[in-house]
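Reading through the structure tokens given below for one structure.
Numbering (the UniProt record's numbering), first residue to last: 1 to 676.
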């Protein structure tokens with residue numbers, strides 16, 4: 001529990017009083033102000049607790065500090081608050097690894113001001129989050145009724161004139177996060193759009209086509225996102241003979257079309273580098289030049305600025321959805337043209353109801369996982385390890401957003417939690433001899449052979465064996481086949497990769513960059529997580545013997561839908577951690593391996609540019625792997641793409657090593673409801 005002395009936000013108060021204002025539940029270690037009390041359930045606002053004199057004396061200086069005291073020392077504390085601040089407390093998402101052991105944490109700020117908007121900080125207690133489930137239940141019948149209303153309004157297109165309406169409708173349904181309600185209608189519209197955009201007339205350079213840049217680029221993006229292969233030839237009539245885009249052909253005043261081209265440029269695949277980069281550079285240049293003409297604070301400028309920073313294909317759909325729900329005047333497409341359509345008001349009504357309904361479901365899921373994690377007891381027994389259930393749950397929420405997969409979302413968070421736990425064992429606690437024996441035990445996967453391990457390793461492995469077996473049993477019951485061999489092999493591959501890294505860093509040897517990356521893709525944990533997801537979804541791809549070892553990545557037998565998100569995670573993680581690791585004396589990053597190979601000739605800036613090129617290349621591989629046909633289901637394909645999108649959220653650190661992007665996303669998705 002956090003407690004802040006009273007006083008107005010932004011003002012330096014006088015001596016500390018004997019009473020402190022409760023304002024936050026959970027563990028989030030940074031200076032705070034009393035405006036954060038909004039996070040408390042209503043009946044506990046402005047309630048005070050009295051602290052012992054020895055605790056009060058610790059606040060005699062003006063230096064911000066975090067003080068740990070036993071829960072029993074803060075009296076009187078309501079029973080429900082004592083529970084929340086104790087065993088149910090959740091960690092924040094900063095880069096620290098402190099833990100909550102049933103104690104009161106006092107965070108006191110003496111800053112005159114802070115750049116952080118505390119009104120928009122995430123609520124980090126799962127039990128407090130669940131409070132909104134009881135206060136604001138969404139009416140499922142209302143959602144169902146609105147779904148039928150929208151379905152009646154989506155007309156089957158019959159003429160060429162309907163093409164633009166079709167792409168607008170699909171785009172709107174996707175951006176508002178309600179497309180899952182209309183799979184058949186969307187497939188019908190996509191088939192119509194594919195027929196129209198590939199008929200050959202659109203690409204003529206003589207200008208015969210009636211399709212604008214917006215029509216072509218939006219259709220191209222939507223179709224490729226759903227697995228349709230559309231050639232870059234559709235853009236021919238907007239280019240000169242050298243493949244350069246011409247402003248006159250695009251339209252001098254068609255900024256909407258230029259933005260659509262920019263969005264479409266992120267759907268490129270391998271072999272399309274030059275044209276895709278030409279499209280992106282042209283679009284970015286035109287948008288940047290004309291943004292000032294849109295006026296400060298206008299809806300159109302807001303759409304363009306958001307899209308430049310968050311290209312739709314690279315951004316978590318839920319993040320984009322919240323933006324459009326909070327800004328209905330912006331329109332629901334890049335063109336904003338749905339505002340004048342009769343369908344637009346109904347779309348917004350459905351989207352708002354649906355968002356709030358899902359938020360309630362997610363808080364219940366978070367409560368269920370937190371109870372499992374608390375009952376498992378590892379957070380208490382392994383005090384050196386991270387205790388961040390909210391952060392782990394956000395991974396699952398990104399990979400499997402569909403409400404129909406609610407139970408698998410909770411189940412997937414369990415192996416994700418063990419990735420972080422075992423990573424901490426290898427990175428911060430185990431000796432090399434212990435880690436070798438630990439890895440051998442995971443490879444043998446025999447509970448009878450763990451007695452020789454240290455007690456903390458026995459505790460971890462027993463829980464891992466039990467959890468993995470339970471997950472496999474649930475999959476067997478659901479689909480009729482047992483994935484235990486696939487799951488256990490994925491854990492063995494992960495621990496083998498962890499051990500390789502440990503040997504490198506304990507010896508002080510930096511491996512060649514390519515060797516480091518091959519191993520780092522596996523040690524990212526992503527292949528293991530995606531193989532669990534594959535099994536949980538009952539995907540036909542799970543029938544194949546997918547190898548997630550280092551060798552499989554080296555000989556390119558690992559599917560790109562698994563290897564590409566893993567590579568993106570490793571590279572993004574290293575981009576964010578290289579500077580920090582250098583300060584701490586470690587050399588564990590791809591950038592450092594590259595520089596070690598090339599000597600002083602490769603600057604940090606050049607190394608980062610190289611990494612960004614690799615990241616762009618992995619996205620092209622992922623885009624190609626997502627095209628039809630592929631052996632994986634749409635649900636798994638979407639999960640793979642969302643895993644790649646979530647990487648940027650999870651590893652975008654600010655200068656203070658805080659994950660501000662993630663903090664905002666948590667608050668927006670789990671705490672901040674949409675006004676109906």
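Glycine included, each C-beta is placed from N, C-alpha and C at the ideal position.
Return the bridge partner residues of residue i from the DSSP annotation.
i, result
"residue 245", "239"
Answer with buried or exposed for residue i, where buried requires no fewer than 16 other C-beta atoms within 10 angstroms of its C-beta.
i, result
"residue 140", "exposed"
"residue 298", "exposed"
"residue 631", "exposed"
"residue 106", "Annotation note: pLDDT 30 at residue 106 (below 50); position unreliable, no value reported."
"residue 144", "exposed"
"residue 461", "buried"
"residue 432", "exposed"
"residue 509", "exposed"
"residue 184", "exposed"
"residue 248", "exposed"
"residue 292", "exposed"
"residue 567", "buried"
"residue 408", "buried"
"residue 22", "Note that residue 22 scores a pLDDT of 31, beneath 50, so its modelled location is shaky and nothing firm can be said."
"residue 356", "buried"
"residue 518", "buried"
"residue 117", "For residue 117, the predicted structure reports a pLDDT of 32, less than 50, and the residue's modelled location is therefore unreliable. A value from the coordinates is still provided. Label assigned to residue 117: exposed."
"residue 288", "exposed"
"residue 525", "buried"
"residue 483", "buried"
"residue 659", "buried"
"residue 92", "Its pLDDT being 37, under 50, residue 92 is placed unreliably in this model, and the value from its coordinates should be taken loosely. That one is buried."
"residue 638", "buried"
"residue 171", "buried"
When the Cα of residue i is compared with those of the options, which residue comes out closest?
i, options, result
"residue 614", "564, 389 and 320", "564"
"residue 663", "648, 674 and 675", "648"
"residue 199", "218, 233 and 169", "233"
"residue 454", "398, 254 and 381", "381"
"residue 437", "521, 458, 423 and 487", "458"
"residue 154", "188, 267, 142 and 277", "188"
"residue 485", "500, 606 and 472", "472"
"residue 386", "349, 399, 429 and 273", "429"
"residue 618", "602, 368, 569 and 369", "569"
"residue 654", "591, 576, 408 and 180", "576"
"residue 677", "536, 350 and 425", "Lying before the first or after the last residue shown, residue 677 is absent from the chain, which here runs from 1 to 676."
"residue 163", "186, 591 and 610", "186"
"residue 270", "637, 675 and 623", "623"
"residue 371", "395, 410, 352 and 350", "410"
"residue 422", "368, 491 and 470", "491"
"residue 424", "383, 562 and 168", "383"
"residue 262", "273, 312 and 244", "312"
"residue 240", "279, 221 and 273", "279"
"residue 167", "152, 223, 180 and 148", "223"
"residue 317", "351, 505 and 245", "351"
"residue 345", "281, 465 and 169", "169"
"residue 589", "560, 635 and 516", "516"
"residue 559", "534, 572, 470 and 571", "534"
"residue 369", "389, 358 and 359", "389"
"residue 468", "596, 487 and 539", "487"
"residue 661", "507, 391 and 480", "391"
Assuming residue i contacts residue j under a Cβ cut-off of 8 Å, what Cβ separation, rounded to an integer in Å, is found between them?
i, j, result
"residue 173", "residue 182", "6 Å"
"residue 324", "residue 176", "6 Å"
"residue 250", "residue 211", "No, residue 250 and residue 211 are not in contact; Cβ-Cβ is about 12 Å, not under 8 Å."
"residue 591", "residue 607", "5 Å"
"residue 676", "residue 353", "7 Å"
"residue 593", "residue 511", "6 Å"
"residue 493", "residue 522", "6 Å"
"residue 502", "residue 418", "The Cβ separation is near 17 Å, so there is no contact."
"residue 283", "residue 296", "At roughly 22 Å, the Cβ-Cβ gap does not stay under 8 Å, so residue 283 and residue 296 are not in contact."
"residue 668", "residue 322", "5 Å"
"residue 221", "residue 267", "6 Å"
Worksheet item: Would you call the stretch 356–363 and the stretch 436–445 in contact, with 3 or more CB pairs under 8 Å?
Response: no
Worksheet item: Is there contact between the stretch 371–387 and the stretch 412–431, where contact requires at least three CB pairs shorter than 8 Å?
Response: yes
Worksheet item: Counting pairs of beta carbons, one from the stretch 218–232 and one from the stretch 622–633, are three or more of them closer than 8 Å?
Response: yes
Fill in: Validate contact between the stretch 214–221 and the stretch 250–265 using beta carbons, cut 8 Å, 3 pairs
yes
Worksheet entry | Sufficient close CB pairs (3 or more, under 8 Å) joining the stretch 637–657 to the stretch 523–536 | yes
Discussion item. Using a Cβ distance threshold of 8 Å, determine whether the stretch 489–506 contacts the stretch 395–404, with at least three qualifying pairs required.
Written reply: no
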